[in-house]
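Enquirer: Once you know that position 137 of the sequence shown is 410 in our numbering, the rest is easy, because the numbers rise by one and skip nothing.
We put the beta carbon where it would ideally sit given N, CA and C, even for glycine.
Here it is, the structure in full.
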Amino acid sequence: MKERALSIAAEEKNPQLSFNKLREYIQHVILRELFEQGSLDDIVFHGGTALRILFDLRRFSEDLDFHTRKNNKFDLKKAVNKIMNHLPQQGYRLSVKANYKGAVQSAFLKFNNILSEADISRQDEEKLRVKIEVDTKPPLGYNTESSLINKYFPFGIIHHDKASFLAGKLHAVLQRSYTKGRDYYDLWFYLSRWRYLSPNFDYLNNALKQTKYNGPSLKEDNWKKVTSSKIKKTDWKYVVNDIEPFIENQNDLKVFTKQTMLTLLK
274 MKERALSIAA EEKNPQLSFN KLREYIQHVI LRELFEQGSL DDIVFHGGTA
324 LRILFDLRRF SEDLDFHTRK NNKFDLKKAV NKIMNHLPQQ GYRLSVKANY
374 KGAVQSAFLK FNNILSEADI SRQDEEKLRV KIEVDTKPPL GYNTESSLIN
424 KYFPFGIIHH DKASFLAGKL HAVLQRSYTK GRDYYDLWFY LSRWRYLSPN
474 FDYLNNALKQ TKYNGPSLKE DNWKKVTSSK IKKTDWKYVV NDIEPFIENQ
524 NDLKVFTKQT MLTLLK
(Lines of atoms letter the chains of each structure in order from A and count residues from 1; the text may use other names and numbers.)
(Lines give C-alpha, C1' and ligand atoms only; values in the text may rest on other atoms or scores of the structure.)
Protein backbone atom coordinates (compact mmCIF):
# COMPACT_ATOMS: atom_id res chain seq x y z
CA MET A 1 0.00 0.00 0.00
CA LYS A 2 1.07 3.57 -0.62
CA GLU A 3 1.06 4.32 3.12
CA ARG A 4 3.94 1.91 3.61
CA ALA A 5 5.89 3.56 0.80
CA LEU A 6 5.47 6.96 2.45
CA SER A 7 6.50 5.61 5.84
CA ILE A 8 9.71 4.17 4.36
CA ALA A 9 10.55 7.53 2.80
CA ALA A 10 9.85 9.31 6.10
CA GLU A 11 12.43 7.18 7.94
CA GLU A 12 15.28 9.09 6.26
CA LYS A 13 16.17 12.73 6.91
CA ASN A 14 18.49 12.95 3.90
CA PRO A 15 16.28 13.80 0.86
CA GLN A 16 18.44 11.84 -1.61
CA LEU A 17 18.43 8.74 0.58
CA SER A 18 14.70 9.13 1.18
CA PHE A 19 14.11 9.32 -2.58
CA ASN A 20 16.31 6.27 -3.26
CA LYS A 21 14.59 4.14 -0.63
CA LEU A 22 11.14 5.18 -1.82
CA ARG A 23 11.99 4.25 -5.42
CA GLU A 24 13.46 0.95 -4.29
CA TYR A 25 10.28 0.06 -2.43
CA ILE A 26 8.25 0.91 -5.55
CA GLN A 27 10.55 -1.39 -7.55
CA HIS A 28 9.66 -4.22 -5.17
CA VAL A 29 5.96 -3.37 -5.56
CA ILE A 30 6.27 -3.67 -9.35
CA LEU A 31 8.21 -6.94 -9.10
CA ARG A 32 5.54 -8.35 -6.81
CA GLU A 33 2.89 -7.31 -9.33
CA LEU A 34 4.76 -9.08 -12.12
CA PHE A 35 5.10 -12.14 -9.89
CA GLU A 36 1.37 -12.26 -9.14
CA GLN A 37 0.63 -12.05 -12.88
CA GLY A 38 2.94 -14.97 -13.60
CA SER A 39 5.02 -12.72 -15.85
CA LEU A 40 8.27 -13.41 -13.99
CA ASP A 41 8.16 -16.98 -15.33
CA ASP A 42 8.86 -15.69 -18.85
CA ILE A 43 11.66 -13.15 -18.27
CA VAL A 44 15.18 -13.10 -16.78
CA PHE A 45 16.20 -10.40 -14.30
CA HIS A 46 19.64 -8.81 -14.81
CA GLY A 47 21.43 -5.47 -14.46
CA GLY A 48 22.17 -3.17 -11.53
CA THR A 49 18.80 -3.38 -9.77
CA ALA A 50 19.03 -7.17 -9.88
CA LEU A 51 22.47 -7.01 -8.25
CA ARG A 52 21.07 -4.72 -5.57
CA ILE A 53 18.08 -6.89 -4.77
CA LEU A 54 19.79 -10.28 -5.06
CA PHE A 55 23.28 -9.60 -3.69
CA ASP A 56 22.90 -6.42 -1.63
CA LEU A 57 24.91 -4.22 -3.99
CA ARG A 58 25.74 -1.10 -1.96
CA ARG A 59 24.17 1.33 -4.38
CA PHE A 60 20.66 2.14 -5.43
CA SER A 61 19.47 1.63 -9.00
CA GLU A 62 16.89 3.09 -11.37
CA ASP A 63 15.57 0.53 -13.84
CA LEU A 64 14.16 -2.98 -13.85
CA ASP A 65 16.08 -4.75 -16.61
CA PHE A 66 14.96 -8.07 -18.08
CA HIS A 67 15.35 -10.15 -21.16
CA THR A 68 13.03 -12.80 -22.49
CA ARG A 69 13.67 -16.50 -22.12
CA LYS A 70 14.00 -18.86 -25.07
CA ASN A 71 10.23 -19.32 -25.37
CA ASN A 72 9.86 -15.51 -25.73
CA LYS A 73 6.22 -15.55 -24.55
CA PHE A 74 6.38 -12.33 -22.54
CA ASP A 75 3.96 -9.53 -23.47
CA LEU A 76 5.17 -6.27 -21.89
CA LYS A 77 2.11 -4.29 -22.93
CA LYS A 78 -0.24 -6.80 -21.32
CA ALA A 79 1.85 -6.87 -18.13
CA VAL A 80 1.97 -3.07 -17.87
CA ASN A 81 -1.78 -2.75 -18.44
CA LYS A 82 -2.38 -5.08 -15.50
CA ILE A 83 -0.06 -2.99 -13.32
CA MET A 84 -1.85 0.20 -14.38
CA ASN A 85 -5.20 -1.35 -13.42
CA HIS A 86 -4.09 -2.80 -10.10
CA LEU A 87 -1.79 -0.25 -8.45
CA PRO A 88 -4.46 2.49 -8.21
CA GLN A 89 -6.33 0.09 -5.93
CA GLN A 90 -3.37 0.45 -3.54
CA GLY A 91 -3.60 4.23 -3.58
CA TYR A 92 -1.03 4.99 -6.29
CA ARG A 93 -1.69 7.50 -9.06
CA LEU A 94 0.37 6.72 -12.12
CA SER A 95 0.75 7.13 -15.85
CA VAL A 96 2.90 5.35 -18.40
CA LYS A 97 5.01 6.19 -21.44
CA ALA A 98 5.86 3.04 -23.34
CA ASN A 99 7.57 1.71 -26.44
CA TYR A 100 6.41 -1.79 -27.29
CA LYS A 101 8.16 -1.96 -30.67
CA GLY A 102 11.62 -3.19 -31.57
CA ALA A 103 13.99 -5.67 -29.97
CA VAL A 104 14.29 -3.66 -26.73
CA GLN A 105 10.91 -2.64 -25.33
CA SER A 106 10.34 -0.32 -22.40
CA ALA A 107 7.70 1.26 -20.19
CA PHE A 108 8.27 4.27 -17.94
CA LEU A 109 5.89 4.05 -15.00
CA LYS A 110 5.38 7.54 -13.59
CA PHE A 111 4.06 7.80 -10.04
CA ASN A 112 2.24 11.10 -9.65
CA ASN A 113 2.33 13.22 -6.50
CA ILE A 114 4.12 10.65 -4.38
CA LEU A 115 7.30 12.76 -4.10
CA SER A 116 5.35 15.73 -2.77
CA GLU A 117 3.34 13.48 -0.45
CA ALA A 118 6.61 12.07 0.89
CA ASP A 119 7.88 15.65 1.38
CA ILE A 120 10.81 14.97 -0.95
CA SER A 121 9.71 17.52 -3.54
CA ARG A 122 7.65 20.67 -3.22
CA GLN A 123 6.53 20.45 -6.82
CA ASP A 124 3.30 18.51 -7.16
CA GLU A 125 3.94 17.80 -10.83
CA GLU A 126 7.31 16.08 -10.21
CA LYS A 127 6.98 12.33 -10.72
CA LEU A 128 8.89 9.29 -9.48
CA ARG A 129 9.81 7.17 -12.49
CA VAL A 130 10.67 3.49 -12.76
CA LYS A 131 11.50 2.02 -16.15
CA ILE A 132 10.83 -1.59 -17.07
CA GLU A 133 13.04 -2.63 -19.99
CA VAL A 134 12.87 -5.97 -21.77
CA ASP A 135 15.33 -7.19 -24.41
CA THR A 136 13.41 -9.58 -26.65
CA LYS A 137 16.51 -10.68 -28.57
CA PRO A 138 19.21 -11.22 -25.95
CA PRO A 139 22.59 -12.77 -26.74
CA LEU A 140 22.66 -16.52 -26.28
CA GLY A 141 24.81 -18.38 -23.77
CA TYR A 142 23.52 -16.98 -20.48
CA ASN A 143 22.82 -19.23 -17.51
CA THR A 144 20.09 -18.69 -14.95
CA GLU A 145 19.18 -19.40 -11.36
CA SER A 146 16.01 -18.89 -9.34
CA SER A 147 15.76 -17.04 -6.01
CA LEU A 148 13.20 -16.16 -3.40
CA ILE A 149 13.14 -12.47 -2.45
CA ASN A 150 11.40 -11.39 0.73
CA LYS A 151 12.53 -7.92 1.79
CA TYR A 152 9.09 -6.28 1.83
CA PHE A 153 6.97 -9.17 0.52
CA PRO A 154 7.85 -12.51 -1.07
CA PHE A 155 8.26 -13.29 -4.74
CA GLY A 156 10.29 -15.72 -6.80
CA ILE A 157 12.42 -14.56 -9.70
CA ILE A 158 14.62 -16.04 -12.44
CA HIS A 159 17.94 -14.25 -12.89
CA HIS A 160 21.43 -14.61 -14.32
CA ASP A 161 23.94 -16.68 -12.42
CA LYS A 162 27.02 -14.84 -11.11
CA ALA A 163 29.21 -15.62 -14.12
CA SER A 164 26.55 -14.31 -16.52
CA PHE A 165 26.02 -11.19 -14.39
CA LEU A 166 29.75 -10.52 -14.56
CA ALA A 167 29.75 -11.07 -18.32
CA GLY A 168 26.90 -8.61 -18.75
CA LYS A 169 28.69 -5.97 -16.71
CA LEU A 170 31.94 -6.43 -18.62
CA HIS A 171 30.03 -6.01 -21.86
CA ALA A 172 28.60 -2.72 -20.57
CA VAL A 173 32.02 -1.41 -19.50
CA LEU A 174 33.65 -2.33 -22.81
CA GLN A 175 30.89 -1.38 -25.21
CA ARG A 176 28.72 1.39 -23.78
CA SER A 177 29.16 4.51 -25.92
CA TYR A 178 29.54 6.79 -22.90
CA THR A 179 31.03 6.53 -19.41
CA LYS A 180 28.44 5.28 -16.95
CA GLY A 181 29.94 5.17 -13.48
CA ARG A 182 27.42 2.61 -12.27
CA ASP A 183 28.88 0.05 -14.68
CA TYR A 184 32.31 0.50 -13.13
CA TYR A 185 31.00 0.44 -9.58
CA ASP A 186 29.13 -2.80 -10.23
CA LEU A 187 32.25 -4.35 -11.75
CA TRP A 188 34.25 -3.24 -8.70
CA PHE A 189 31.60 -4.86 -6.48
CA TYR A 190 31.93 -8.14 -8.35
CA LEU A 191 35.72 -8.18 -8.41
CA SER A 192 35.99 -7.37 -4.70
CA ARG A 193 33.31 -9.77 -3.47
CA TRP A 194 34.02 -12.76 -5.72
CA ARG A 195 37.74 -12.48 -6.41
CA TYR A 196 38.13 -15.75 -8.29
CA LEU A 197 34.98 -15.59 -10.38
CA SER A 198 35.39 -15.76 -14.15
CA PRO A 199 32.78 -14.41 -16.55
CA ASN A 200 30.54 -16.57 -18.72
CA PHE A 201 32.65 -16.28 -21.87
CA ASP A 202 30.03 -17.72 -24.24
CA TYR A 203 27.50 -15.10 -23.18
CA LEU A 204 30.09 -12.31 -23.06
CA ASN A 205 31.46 -12.94 -26.53
CA ASN A 206 27.98 -13.36 -28.02
CA ALA A 207 26.99 -10.01 -26.49
CA LEU A 208 30.14 -8.34 -27.82
CA LYS A 209 29.52 -9.79 -31.28
CA GLN A 210 25.91 -8.56 -31.22
CA THR A 211 27.12 -4.99 -30.57
CA LYS A 212 29.88 -5.18 -33.21
CA TYR A 213 32.85 -5.26 -30.85
CA ASN A 214 36.09 -5.00 -32.83
CA GLY A 215 38.50 -6.26 -30.18
CA PRO A 216 39.83 -9.78 -29.55
CA SER A 217 37.64 -12.62 -28.38
CA LEU A 218 37.74 -12.65 -24.59
CA LYS A 219 39.10 -15.70 -22.78
CA GLU A 220 40.43 -16.65 -19.37
CA ASP A 221 43.95 -15.48 -20.29
CA ASN A 222 43.08 -11.98 -21.60
CA TRP A 223 39.81 -10.61 -20.17
CA LYS A 224 41.46 -8.89 -17.21
CA LYS A 225 44.11 -7.29 -19.42
CA VAL A 226 41.50 -5.98 -21.90
CA THR A 227 39.33 -4.64 -19.06
CA SER A 228 42.32 -2.99 -17.35
CA SER A 229 43.23 -1.23 -20.59
CA LYS A 230 39.71 0.21 -20.81
CA ILE A 231 39.78 1.37 -17.18
CA LYS A 232 43.16 3.07 -17.57
CA LYS A 233 41.71 5.25 -20.34
CA THR A 234 38.59 6.19 -18.37
CA ASP A 235 38.21 9.61 -16.73
CA TRP A 236 37.47 8.61 -13.14
CA LYS A 237 35.84 11.95 -12.33
CA TYR A 238 32.97 11.06 -14.69
CA VAL A 239 32.69 7.67 -13.03
CA VAL A 240 32.43 9.13 -9.52
CA ASN A 241 30.06 11.93 -10.54
CA ASP A 242 27.65 9.40 -12.02
CA ILE A 243 27.68 6.96 -9.12
CA GLU A 244 27.67 9.43 -6.22
CA PRO A 245 23.87 10.05 -6.02
CA PHE A 246 23.23 6.30 -5.88
CA ILE A 247 25.70 5.34 -3.14
CA GLU A 248 24.18 4.13 0.10
CA ASN A 249 27.15 5.26 2.22
CA GLN A 250 29.43 7.93 0.75
CA ASN A 251 32.43 6.54 2.66
CA ASP A 252 32.42 3.62 0.23
CA LEU A 253 33.81 5.95 -2.41
CA LYS A 254 37.09 6.12 -0.49
CA VAL A 255 37.91 2.60 -1.66
CA PHE A 256 36.22 2.84 -5.04
CA THR A 257 39.23 4.11 -6.94
CA LYS A 258 40.81 3.45 -10.30
CA GLN A 259 43.90 2.00 -8.62
CA THR A 260 41.77 -0.39 -6.58
CA MET A 261 40.03 -1.57 -9.74
CA LEU A 262 43.34 -2.17 -11.51
CA THR A 263 44.70 -4.04 -8.50
CA LEU A 264 41.66 -6.31 -8.44
CA LEU A 265 42.24 -7.11 -12.12
CA LYS A 266 45.86 -8.19 -11.67
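Would you list the one or two residues that DSSP bridges to R466?
Expert: Per DSSP, none; premise fails for R466.
Enquirer: Just the Cα atoms here: how many angstroms apart are E398 and L382?
Expert: Rounded to the nearest angstrom, the two C-alpha atoms are 14 Å apart.
Enquirer: What residue does the alpha helix (DSSP H) around L388 start on, and which one ends it?
Expert: It spans 387-390 - the alpha helix (DSSP H) in which L388 sits, taken as one unbroken run.
Enquirer: What first and last residue would you give for the alpha helix (DSSP H) that runs through N514?
Expert: Here the alpha helix (DSSP H) through N514 covers 509-516.
Enquirer: Ends of the beta strand (DSSP E) at E418?
Expert: Where E418 is concerned, the enclosing beta strand (DSSP E) stretches over 417-422.
Enquirer: Under 6 Å Cβ to Cβ from K497, same chain only, skipping five residues before and after it: list those, please.
Expert: L538, listed in sequence order.
Enquirer: According to DSSP, which residues form a beta bridge with A278?
Expert: According to DSSP, which records beta bridges pairwise, A278 is partnered with nothing at all.
Enquirer: When you compare each of F318, N293, A278, L279 to S437 by their alpha carbons, which one comes out closest?
Expert: The shortest C-alpha separation from S437 is found at F318.
Enquirer: Looking at the unbroken alpha helix (DSSP H) that takes in V528, where does it start and where does it end?
Expert: Premise fails: V528 is in no alpha helix (DSSP H) and is neither H nor E.
Enquirer: Is there contact here, the segment 297-312 with the segment 369-376, by at least three beta-carbon pairs under 8 Å?
Expert: The segment 297-312, when compared against the segment 369-376, does not touch it at the 8 Å Cβ threshold.
Enquirer: Give me the Cβ distance between D336 and E406, rounded to the nearest whole Å; I'm assuming they're in contact under 8 Å.
Expert: Between E406 and D336 the Cβ distance is about 6 Å, and since that is below 8 Å, they are a contact.
Enquirer: To which residues does DSSP link Y473 through a beta bridge?
Expert: For clarity, residue 473 is Asn in the given sequence; the question names Tyr instead. In the DSSP output, where bridge partners are listed per residue, N473 has none listed.
Enquirer: How many angstroms separate the CA atom of L477 from the CA atom of L330?
Expert: Going by the C-alpha atoms only, they are around 21 Å apart.
Enquirer: For the beta strand (DSSP E) containing F384, name the first residue and the last one.
Expert: That run of the beta strand (DSSP E) goes 377-384.
Enquirer: By how many angstroms is the C-alpha of L290 removed from the C-alpha of D525?
Expert: Cα to Cα, D525 sits roughly 15 Å from L290.
Enquirer: Locate the beta strand (DSSP E) running through N372, then write down its first and last residues.
Expert: 367-372 is the span of the beta strand (DSSP E), which, as asked, contains N372.
Enquirer: Assign K400 to buried or exposed, taking buried as 16 or more other Cβ atoms, counted over all protein chains shown, within 10 Å of its Cβ.
Expert: Classification for K400: buried.
Enquirer: Using DSSP with H/G/I as helix, E/B as strand and the rest coil, what is D434?
Expert: Residue state, collapsed to three classes: coil.
Enquirer: Quick check: the segment 414-421 against the segment 448-464, are there 3 or more CB pairs under 8 Å?
Expert: No, because fewer than three Cβ pairs between the segment 414-421 and the segment 448-464 fall closer than 8 Å, the two stretches do not touch.
Enquirer: Please go through the segment 318-353 and give each complete alpha helix (DSSP H) segment of 4 or more residues, from N-terminal end onward.
Expert: Runs of the alpha helix (DSSP H) inside the segment 318-353: 321-328.
Enquirer: So for E309, helix, strand or coil by DSSP?
Expert: Helix.
Enquirer: Shortest alpha-carbon distance to K485 belongs to which of H444, K435, W509, N344?
Expert: Measuring from the Cα of K485, the nearest candidate turns out to be H444.
Enquirer: Closer than 8 Å is the cut-off here; do at least three beta carbon pairs connect the segment 304-315 with the segment 343-355?
Expert: The segment 304-315 is in contact with the segment 343-355.
Enquirer: Roughly how many angstroms lie between the CA atoms of A323 and D338, to the nearest whole one?
Expert: Whole-angstrom Cα-Cα distance: 8 Å.
Enquirer: If distances are taken between C-alpha atoms only, which option among P361, A480, A376 comes closest to N385?
Expert: For N385, the nearest C-alpha among the options comes from P361.
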